[in-house]
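Inspection log for the structure reproduced underneath, given as structure tokens.
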Amino acid sequence: LPVPEPPTEVSNDPSDDDYGDKMTLEFPAPSTSDDHQETDPDFSQGASSVPHRITQEELNDLICDLELSKSKAELLGSRLQQWNLLQENVRVTLYQKQYLQIEPFFRKVDKLGFCSDVNSLLNALGIQHDPQE
Numbered sequence: 001l002p003v004p005e006p007p008t009e010v011s012n013d014p015s016d017d018d019y020g021d022k023m024t025l026e027f028p029a030p031s032t033s034d035d036h037q038e039t040d041p042d043f044s045q046g047a048s049s050v051p052h053r054i055t056q057e058e059l060n061d062l063i064c065d066l067e068l069s070k071s072k073a074e075l076l077g078s079r080l081q082q083w084n085l086l087q088e089n090v091r092v093t094l095y096q097k098q099y100l101q102i103e104p105f106f107r108k109v110d111k112l113g114f115c116s117d118v119n120s121l122l123n124a125l126g127i128q129h130d131p132q133e
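Letter 33 of the sequence shown, counting from 1, is numbered 33 in the UniProt record's numbering, and no numbers are missing.
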């Protein structure tokens, strides 16, 4: 489809197309990539125009950073997978059962829930911890 050119003259009276004072509009010429390099020295194009495919760790970090619920995390993962932005080995249903890896370190007595083994929990999460501190 051809792209229409904008008018170069506009009437001051919107109801009058044929007469009235007209003013001329001037449009700047479209810039080229060479123009950008001359006018914006801070701009640098990335090394590659290939989209970045997200790893499992990056997806997990993003979901934590955005504080998404399980359902929203799965929706995000599903959409990224639909758009082919995830690496092939990334699982989007991981978030439903993520709590299972830390559940053994918690107990519930009556209405009180607590961590019963802090050292093991922190080790499982990969956090350096000195129990003497």
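Using N, Cα and C, we set each Cβ at its ideal position, and we do this for glycine too. Just so you know, these numbers come straight off a predicted model, no measurement behind them.
Contact belief for residue i with residue j at Cβ below 8 Å, rounded distance in angstroms
| i | j | result |
| --- | --- | --- |
| LEU66 | GLY77 | Not really, about 12 Å apart at Cβ, beyond 8 Å. |
| ILE102 | LEU121 | 6 Å |
| PHE106 | GLY113 | 6 Å |
For residue i, three-class secondary structure by DSSP
| i | result |
| --- | --- |
| ARG79 | helix |
| LEU121 | helix |
| LEU86 | strand |
| ILE63 | helix |
| GLU9 | strand |
| LEU100 | helix |
| GLU133 | coil |
| SER48 | coil |
| residue 145 | As shown, the chain starts at 1 and ends at 133. That puts residue 145 outside it, with no answer to give. |
For residue i: DSSP bridge partner residues
| i | result |
| --- | --- |
| GLY113 | LYS108 |
| ILE54 | LEU86 |
Under 9 Å between C-beta atoms of residue i and residue j
| i | j | result |
| --- | --- | --- |
| LEU80 | ILE54 | yes |
| VAL92 | LEU85 | no |
Candidates the options: closest to residue i by CA position
| i | options | result |
| --- | --- | --- |
| GLU88 | GLU133, LEU121, HIS52 and VAL118 | HIS52 |
| GLN132 | GLY126, ALA124 and VAL118 | VAL118 |
| GLN56 | LYS111, VAL90 and GLU9 | VAL90 |
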